[in-house]
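Residue numbers (the UniProt record's numbering): 1 to 243.
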């Protein structure tokens, strides 16, 4: 599976969604007042106008940030994903692609919180790490939860290309550095690795800024982006019916 196909497959979120009124309301309704409109048409416009006004008054989005920790954040207006780019202390390139919310799970609250349930939103994350053009590329397929990052699969591409030989788990040793050399194959299912290797991979990502703090940032960012994209979509619908 290509990295682009993976990201495209994850790009399912709430609604396509903008900022201030001048940004997303592209056509004034004043031009439509001279036309005869049906009650249904007028009522729909009123509902759209009220919905947009509500978000501006009670839940306004803020301007998306462009930096987090060591990463530059590339927003993609109208898209269901973002890209972060940065460098590690070892001068490695780090690229992170994250979807908007693409799923959720229900978890019970603790006794102190009552009997209600918690909804934990999910973000799919793809992390690529490499040193330069033509060098080996390590890729992690992860889940970003509100307070934690979870690794699912690990790939290593020789010279940035998909591997030709399957990975054999029996070849793994307990030495982390040696194991990395042996992981040149098909994607490794993370839960099948021994505890020491799993801990080693989490430490590897943590020292490069890919950690629980990044997960929390992504959830805050996507919550704001979700509102922005919703308002963008409402503005387009309002513009269409206002013609």
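All residues carry an ideal CB built from backbone N, CA and C; glycine is no exception.
Practice item. Please report the Cβ distance between residue 151 and residue 142, rounded to the nearest whole angstrom; I am assuming they are in contact, meaning their Cβ atoms lie under 8 Å. Key: 5 Å
Review point. What are the boundary residues of the alpha helix (DSSP H) that includes residue 235?
Key: 212 to 241
Point to revise | Where residue 170 falls: helix, strand or coil (DSSP) | key: Per-residue confidence for residue 170 stands at a pLDDT of 32, beneath the threshold of 50, marking its modelled position as unreliable; the derived number appears in the next sentence. In the structure shown, residue 170 sits in a helix (DSSP, three-state: H, G or I).
**Study point:** Integer Cβ distance of residue 139 from residue 127, believed to fall under 8 Å
**Key:** 7 Å
Check your understanding: Closest to residue 73 by CA distance: which of 217, 134, 144 is it?
Key -> 217
Practice item. Pull up the distance between the alpha-carbon of residue 222 and that of residue 43, whole angstroms please. Key: 31 Å
Review point. With DSSP run on the structure shown, which of helix, strand or coil describes residue 190?
Key: helix
Point to revise | Extent of the continuous beta strand (DSSP E) run through residue 157 | key: 148 to 157
Exercise for review: May I ask which residues mark the beginning and end of the alpha helix (DSSP H) holding residue 131?
Suggested key: Premise fails: residue 131 is in no alpha helix (DSSP H) and is neither H nor E.
Practice item. Along the alpha helix (DSSP H) that carries residue 88, what are the first and last residues, could you check? Key: First-last for residue 88: undefined, no H or E at that position.
Exercise for review: Tell me whether residue 227 is buried or exposed, calling it buried when 16 or more other Cβ atoms sit within 10 Å of its Cβ.
Suggested key: buried
Review point. Quick one: is residue 57 buried, meaning 16 or more other Cβ sit within 10 Å of its Cβ, or exposed?
Key: exposed
Check your understanding: On the three-state DSSP scale, how would you describe residue 185?
Key -> With a pLDDT of only 49 at residue 185, under the threshold of 50, the placement of this residue in the model should not be trusted, and no figure is reported.
Review point. Apart from the five residues on each side of it in sequence, which residues of its chain come closer than 6 Å, Cβ to Cβ, to residue 225?
Key: none
Exercise for review: Evaluate the contact criterion for the segment 85 to 94 versus the segment 205 to 213: three or more CB pairs, one atom per stretch, below 8 Å.
Suggested key: yes
**Study point:** Reference residue 103; option with closest CA among 117, 41, 122
**Key:** 122
Exercise for review: Return the Cβ separation of residue 190 and residue 153 in integer angstroms, given the expectation that the two are a contact with Cβ distance under 8 Å.
Suggested key: 6 Å
Point to revise | Nearest-angstrom Cα separation, counted from residue 134 out to residue 158 | key: 8 Å
**Study point:** residue 73 - partner residues in DSSP beta bridges
**Key:** 84
**Study point:** Burial state of residue 66 (16 or more Cβ within 10 Å)
**Key:** exposed
Check your understanding: Quick one: what does DSSP say residue 141 is sitting in, helix, strand or coil?
Key -> strand
Review point. Under a Cβ-count criterion, where at least 16 other Cβ atoms within 10 Å of its own Cβ denotes burial, should residue 232 be classed as buried or exposed?
Key: buried
Exercise for review: Can you grab the Cα-Cα spacing for the pair residue 130 / residue 196, in whole Å?
Suggested key: 23 Å
Review point. In chain order, what residues of the same chain lie with their CB nearer than 8 Å to the CB of residue 147, ignoring the 5 residues before and after it?
Key: 212, 215, 216
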